[in-house]
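Its first residue numbered -1, the sequence shown is counted upward by one per residue in the numbering used here. C-beta atoms are modelled at their ideal positions from N, C-alpha and C, and glycine is treated no differently.
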Amino acid sequence: MVSHLLKIEEGLANRVATLLGIKKMPKPADAAIATRQDLAPSPALSIVERGPNSFKGRQLGIVVTDGTDAEVLISLQAALAKKGAVCEIIAPKVGDVEASDGSWIEADQMIDGGPSVLYDAVALLPSAAGIDDLLAESTARNFVADAFAHRRSIGYAEAATPFFAKAGIYDSLDKGVIALNGPNDIAAFVDQLGQFRLWCREPSVKAR
């Protein structure tokens, strides 16, 4: 495999070889047709240049606990609906959680079975009272760490801040991690979702 990758992109081949523990690089595979090196990069084939600029039809995963701020949740759901996007509610346990206003929020997923890889972006809306139980769950910590590593946008309530240290990403937080403290923050977060992935995060993720 690595010998074939050497004919495609040497940097990729070297990285794969390193991760596979290959000490001595093989010779490049013989190509059936001589590889051309004079072709210019094609913007039409670039996910960075031609990636989606809308979150329409995509899905946000929202982590909630008992005491989640109902106003923030409702505002976020409404803003997503206007963009033609959908969301799923992820809770610490199967069943409903009670929001800050006494209303009940029906969960679509339990944190143990709803990893962030299922979603195009995530929002962390635990309450101050509910965050400690989540921090004790390895699946919850992985939810946040994986969302960051997979270049997802992350919105968060202030109570969720300890998540970032527990997930080992606090020192790497970037513009794709947005505090949801009010309507303006929610609007900025939802607008950013159109970027789909935060490729600017690549260096910090690769460095980890």
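DSSP state of residue i mapped onto helix, strand, coil
i      : result
Gln190 : helix
Ile241 : The shown model of the chain, from -1 to 206, leaves out residue 241, and the question about it has no answer.
Glu135 : coil
Tyr154 : strand
Ala177 : strand
Asp94  : strand
Leu196 : coil
Gly123 : Checking the sequence, you will find Leu at residue 123 rather than Gly. Correct three-state label for Leu123: strand.
Leu18  : coil
Gln75  : helix
Glu7   : coil
Beta-carbon gap between residue i and residue j smaller than 8 Å
i      : j      : result
Gly65  : Ser98  : yes
Leu71  : Val188 : no
Pro26  : Ser1   : yes
Ser52  : Ile184 : no
Leu10  : Leu3   : yes
Pro50  : Phe161 : no
Val203 : Ala147 : yes
Arg199 : Asp172 : yes
Residues near residue i in its chain [Cβ-Cβ closer than 8 Å; skip 5 each side]
i      : result
Pro113 : Thr137, Asn140, Phe141, Asp144
Pro90  : Thr63, Met108, Ile109, Gly128, Asp131, Leu132, Glu135, Ala138
Tyr117 : Gln57, Leu58, Gly59, Glu86, Ala145, Arg150
Glu96  : Asp64, Gly65, Trp102, Ile103
Val92  : Ala105, Met108
Sequence-distant residues of the same chain with beta carbon closer than 7 Å to residue i, five excluded per side
i      : result
Lys54  : Lys81, Gly82, Ala83
Trp197 : Val46, Arg149
Ala155 : Asp67, Val70, Leu122, Leu123, Pro124, Leu178
Own chain residues within Cβ distance below 6 Å of residue i, not counting five before or after
i      : result
Gly153 : Ala121, Ile176, Leu178, Phe187
Ala158 : Leu122, Pro124
Arg13  : none
Glu104 : Asp94
Thr208 : Coverage of the chain is limited to positions -1 through 206, which leaves residue 208 absent and any answer about it impossible.
Any chain B beta carbon closer than 8 Å to residue i
i      : result
Asn179 : This model lacks chain B altogether, as it is built from one protein chain only.
Residue i classed as buried or exposed, judged by whether at least 16 other C-beta atoms fall within 10 angstroms
i      : result
Gly174 : buried
Ile6   : exposed
Asp67  : buried
Ile88  : buried
Ser15  : Here the sequence assigns Ala to residue 15, which means Ser is not the residue at that position. The residue in question, Ala15, is buried, as its Cβ has 16 or more Cβ neighbours within 10 Å.
Leu191 : buried
Worksheet item: When the Cβ atoms of the stretch 153 to 165 are set against those of the stretch 21 to 40, are three or more pairs found closer than 8 Å?
Response: no
Worksheet item: Quick one: any contact between the stretch 123 to 130 and the stretch 50 to 68, if contact means 3 or more CB pairs under 8 Å?
Response: yes
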